[in-house]
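If you're matching positions, the sequence shown starts at 12 in the working numbering and goes up one per residue. Even for Gly, the Cβ is constructed at its ideal location relative to N, Cα and C. Comments concern the structure below.
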Amino acid sequence: MTTLTEIIDIINQAKTIAIMGHKYPDGDSFGSLFALGTYLENIGKKVTYYCDNRDIKPYFQFIFPVKKLKYAKFKPSKFDLLIAVDSSSPNRLGIHEDSFTKHKNTLVIDHHIQQEQWSKYIYFDEKRASNCENVYSLLTIANAEITPDIATYLYLGVSSDTGSFKHYNTNQNCFTVASKLLEYGADIHKVNDYLYRYYTSSQIQTEKFILNNLVINSNFAYVIITMKDLDEMRANKGDVSMHSDKLISFAGIDLGIIATETKPNYFDLSMRSSEKVNVQEIAVKNGGGGHKRAAGCNYEGTKEDLIKFINQLFMEIKL
Ligand SMILES: [Mn+2]
């Protein structure tokens, strides 16, 4: 594995850098992307930001400079270095997967366990609750000036990947880094307002749908949201993903699955669990990834097949 000190050298040798995060970007993906990107710009690099444009949360525009993002596919040869953040495999990059894997000089900075060497350089620390903590470590080692904007981006990532310091991945480092970021001028009130206070009507519709349609099977719970359901609520996958923890918040539930149909007969499964279930194992077994208590994978098939698949999963775990 590449060390953070080596990464500083790799970055220093590049003039033009393209940086990208994962599809369906969350706060940690954008936090890592814009914090690292802003730093690179501040030290004189020519930085281009790429993102798969599906379902970007509307409130991100009030915090991140989303206007800088480019969505179209690009020629990898335009850049000296490509960087991917918060992404555990090439398919996480969405439409930019090809450009990334074709380039010879690529770097990944992540906090998910990396299953394969899909980039020339890979740094990951799976003990970190958020990738923004890894970017923070990198900036610290680089003696970077952490501006209030960079501090806000990083804080947002730590806060969102720990569910506002409530998820089980929350540890001492999250608080240490958050405290430092406050010192550097992170606007934590703005982050809290947009992440945890303001709900759009489609987000409220989605929450109502989840509560009305969830299926509880002893200590397991699931809900399936089809494309038609999303259409009717004028909601997107981003509106669903903010409720990922909902099912596991019921007392006595050890595994909660929210399945969202993103293409016809193609579902994204978002899984959350108590300490009794390792959803990372389930996700990896089914071609996905993530963490012990929060992970995801895809399922191809009809809604009826998916129900069978989920029930089978529940049977296999049998607590
Ligand atoms: Mn993350």
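Fill in: Counterpart residues of I120 in DSSP-defined beta bridges
V96, Y134
Worksheet item: Which word fits P36, buried or exposed, when buried means at least 16 other C-beta atoms lie within 10 angstroms of its C-beta?
Response: buried
Item to complete: Report all residues from its chain with a CB closer than 8 angstroms to the CB of Q323; omit the five preceding and five following residues, and keep chain order.
Response: none
Item to complete: Grab me the residues of K303's own chain with a C-beta within less than 6 angstroms of its C-beta, minus the 5 sequence neighbours each way, in chain order.
Response: N289, Q291
Fill in: Sheet register partners of C308 (DSSP bridge)
L280
Fill in: Backbone CA spacing between E286 and G174 [nearest angstrom]
17 angstroms
Practice prompt. Look up K274 in the DSSP assignment and give the residues it is bridged to.
Written response: Y277
Worksheet item: Among I54, D66, V188, V96, which one has its Cα closest to the Cα of Y60?
Response: V96
Item to complete: Could you tell me if the beta carbon of S100 falls within a distance shorter than 8 angstroms of some heavy atom in ligand 1?
Response: no
Worksheet entry | Continuous alpha helix (DSSP H) stretch holding N184: start and end | 183-194
Worksheet entry | R245 burial status per 10 Å Cβ neighbour count (16 or more: buried) | exposed
Fill in: 9 angstroms Cβ cutoff met for I124 and S88
no
Worksheet item: Who sits around ligand 1, taking every residue whose Cβ is closer than 5 angstroms to one of its heavy atoms?
Response: D39, D97, N142, D172
Worksheet item: Which whole runs of the alpha helix (DSSP H) in the segment 201-277 are 4 residues long or more, in chain order?
Response: 212-224, 238-244, 248-252
Discussion item. How far does the alpha helix (DSSP H) with T112 in it extend, from its first residue to its last?
Written reply: 108-113
Item to complete: Mind reading off the beta-carbon distance from Y121 to I28? Whole number of angstroms is fine, and I expect it under 8 angstroms.
Response: The sequence shown places Asp at residue 121, rather than the Tyr named in the question. So it is not a contact: roughly 17 angstroms between Cβ atoms.
Worksheet item: Is the beta carbon of D256 less than 9 angstroms from the beta carbon of G267?
Response: yes
Worksheet item: For V288, which three-state DSSP category applies?
Response: coil
Worksheet item: Whose C-beta lies closer than 8 angstroms to the C-beta of E52 among residues of the same chain, with five residues either side of it excluded?
Response: V58
Fill in: F45 classed as buried or exposed, judged by whether at least 16 other C-beta atoms fall within 10 angstroms
buried
Practice prompt. Would you grab the beta carbon distance between G42 and G196 for me? Rounded to a whole angstrom, and I think it's under 8 angstroms.
Written response: No, G42 and G196 are not in contact; Cβ-Cβ is about 15 angstroms, not under 8 angstroms.
Worksheet entry | Cut-off 7 angstroms between Cβ atoms - residues of its own chain near S284, not counting five sequence neighbours on either side | I259, D265, L266, V290, R304
Worksheet item: Comparing alpha-carbon positions, which option in V146, L80, D198, N184 lies nearest D349?
Response: In this structure the chain extends from 12 to 330, so residue 349 is not present and cannot be described.
Discussion item. One question on the structure: do D279 and K248 come within less than 9 angstroms of each other, judged by their Cβ atoms?
Written reply: yes
Worksheet item: Terminal residues of the continuous beta strand (DSSP E) containing T59?
Response: 57-61
Worksheet entry | Burial state of T217, where buried means 16 or more other Cβ atoms lie within 10 Å | buried
Worksheet item: To the nearest whole angstrom, what separates the beta carbons of A294 and G307, a pair I think is in contact under 8 angstroms?
Response: 6 angstroms
Worksheet item: Where are the alpha helix (DSSP H) runs, 4 residues long or more, that stay fully inside the segment 28-83, in chain order?
Response: 38-53
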